[in-house]
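Following the working numbering, the numbering of the sequence shown begins with 2 at its first residue and continues without gaps. The beta carbon of each residue, even a glycine, is placed where N, CA and C say it ideally should be. Source: prediction; values computed, not measured. This report refers to the structure that appears directly beneath it.
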Amino acid sequence: MCIKSSVGLHGTNSKTDVKVIQAALNLYTSGSFLLESKLTVDGQIGPKTIQAITLLQKSSVQISKPDGKVDPKGKTLKTLKQGVTKGLSEYALAAIMAHGKSSVINKYFPLLQNNLSRYQINSPLRIAHFLAQVGHESLSFRYTEELASGANYEGNLALGNTQSGDGVRFKGRGLIQLTGRSNYSEYAEYSRIDLMKKGNEVLVALTPAYALDVSLWFWNKRRLNTKADKDDLRGVTYRVNGGYTGLQDRRDYLDRAKFFLLP
């Protein structure tokens with residue numbers, strides 16, 4: 002379900018759910034419904050959002066007594082889903098990455114537009130699964146560097162950490178995190194970015210284009226499109242996480258993405 006609780010007049014109005022409805026109203030193009038001006042996708046319920054819901058109910062939902070509220074299993078949400086312009090738009094991305102800052106999300110939107118197809122993430126289902134994973138892993142693009150110091154990776158030969166200080170130096174970075182000397186070296190060779198020069202490893206976290214590309218590279222390396230094509234959230238999650246940590250949160254991201262991307 003793309004929203005978990007009611008949105009609108011006397012609704013629960015969780016910030017995440019409100020963002021979904023605001024974005025959907027902006028993207029609704031069916032029937033005679035027309036907003037005078039687009040809503041700000043900020044998760045704050047107010048008169049403009051409630052008025053837009055009521056207008057939709059009057060013009061397109063055809064319910065006898067519009068109540069200005071969208072329920073998770075109600076007719077208004079069903080109508081919205083059917084009439085939303087499908088595809089990855091700035092409004093849709095703001096709703097999918099509901100925990101993120103608009104200024105950061107706006108930086109990633111053109112990068113996604115220009116780079117997803119380079120890795121054959123070129124179907125609505127593939128895009129939805131990719132966004133679900135990077136959304137959870139980075140908390141909606143908020144984090145591109147592991148919060149822990151990385152000291153626990155010191156001497157981890159499985160990660161190729163053979164030199165003193167490698168744990169901290171090659172800690173997790175990226176939307177889907179690149180971790181360990183071996184992985185940094187492999188990606189550096191692939192991308193031709195000199196990440197092995199001391200001090201350059203932080204570029205993966207500091208540069209949005211690199212933070213995204215390393216995640217796309219990982220996605221391609223792990224052949225995750227094949228799992229996405231089967232709509233296998235558990236399978237995708239296991240290959241990203243090595244387990245199922247945060248599975249429900251990943252599912253929530255996926256549900257929001259599917260609402261805006263899939264028919």
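On the premise that residue j lies in contact with residue i, defined as a C-beta separation below 8 Å, what is that separation, rounded to the nearest angstrom?
{"i": "D72", "j": "S7", "result": "5 Å"}
{"i": "T30", "j": "T86", "result": "5 Å"}
{"i": "H137", "j": "G236", "result": "At roughly 15 Å, the Cβ-Cβ gap does not stay under 8 Å, so H137 and G236 are not in contact."}
{"i": "V42", "j": "Q23", "result": "5 Å"}
{"i": "A93", "j": "L140", "result": "Not quite, the Cβ-Cβ distance comes to about 18 Å (not below 8 Å), so this is no contact."}
{"i": "F142", "j": "Y109", "result": "6 Å"}
{"i": "A53", "j": "L78", "result": "Their Cβ separation, rounded to whole angstroms, is 14 Å, which puts A53 and L78 out of contact at 8 Å."}
Would you mind stating whether residue i and residue j have Cβ atoms separated by less than 8 Å?
{"i": "S186", "j": "M197", "result": "yes"}
{"i": "L176", "j": "A212", "result": "yes"}
{"i": "L262", "j": "I106", "result": "no"}
{"i": "V169", "j": "A152", "result": "yes"}
{"i": "V21", "j": "A96", "result": "yes"}
{"i": "G32", "j": "T55", "result": "no"}
{"i": "G181", "j": "N201", "result": "no"}
{"i": "L112", "j": "A210", "result": "yes"}
{"i": "S61", "j": "G88", "result": "no"}
{"i": "K174", "j": "E147", "result": "It should be noted that the sequence gives Arg, not Lys, for residue 174. Yes, the pair counts as a contact, with Cβ atoms nearer than the cut-off."}
{"i": "K5", "j": "D18", "result": "yes"}
{"i": "N242", "j": "I122", "result": "no"}
What do you get for residue i, buried or exposed, if any count of 16 or more other CB atoms within 10 angstroms of its CB means buried?
{"i": "L35", "result": "exposed"}
{"i": "L234", "result": "buried"}
{"i": "K76", "result": "exposed"}
{"i": "G244", "result": "exposed"}
{"i": "M2", "result": "exposed"}
{"i": "G195", "result": "As written in the sequence, residue 195 is Asp, which differs from the Gly given in the question. Under this definition D195 is an exposed residue."}
{"i": "H130", "result": "buried"}
{"i": "A149", "result": "exposed"}
{"i": "L255", "result": "buried"}
{"i": "Y191", "result": "exposed"}
{"i": "K199", "result": "exposed"}
{"i": "S216", "result": "buried"}
{"i": "T163", "result": "exposed"}
What residue range is occupied by the uninterrupted alpha helix (DSSP H) comprising residue i?
{"i": "V42", "result": "Unbroken run through V42: none, as it is neither H nor E."}
{"i": "E155", "result": "First-last for E155: undefined, no H or E at that position."}
{"i": "T77", "result": "76 to 84"}
{"i": "N131", "result": "The residue you asked about is not Asn; residue 131 is Phe in the sequence shown. Where F131 is concerned, the enclosing alpha helix (DSSP H) stretches over 125 to 139."}
{"i": "Y120", "result": "Careful: Y120 lies outside any alpha helix (DSSP H) and carries neither H nor E."}
{"i": "T55", "result": "48 to 57"}
{"i": "I22", "result": "16 to 28"}
{"i": "Y245", "result": "Where Y245 is concerned, there is no enclosing alpha helix (DSSP H), given that its DSSP letter is neither H nor E."}
{"i": "Y92", "result": "91 to 97"}
Quick one: does the C-beta of residue i sit closer than 7 Å to a heavy atom of the ligand FMN?
{"i": "D43", "result": "Questions concerning the ligand FMN fall outside what the structure shown contains, since it holds no ligand whatsoever."}
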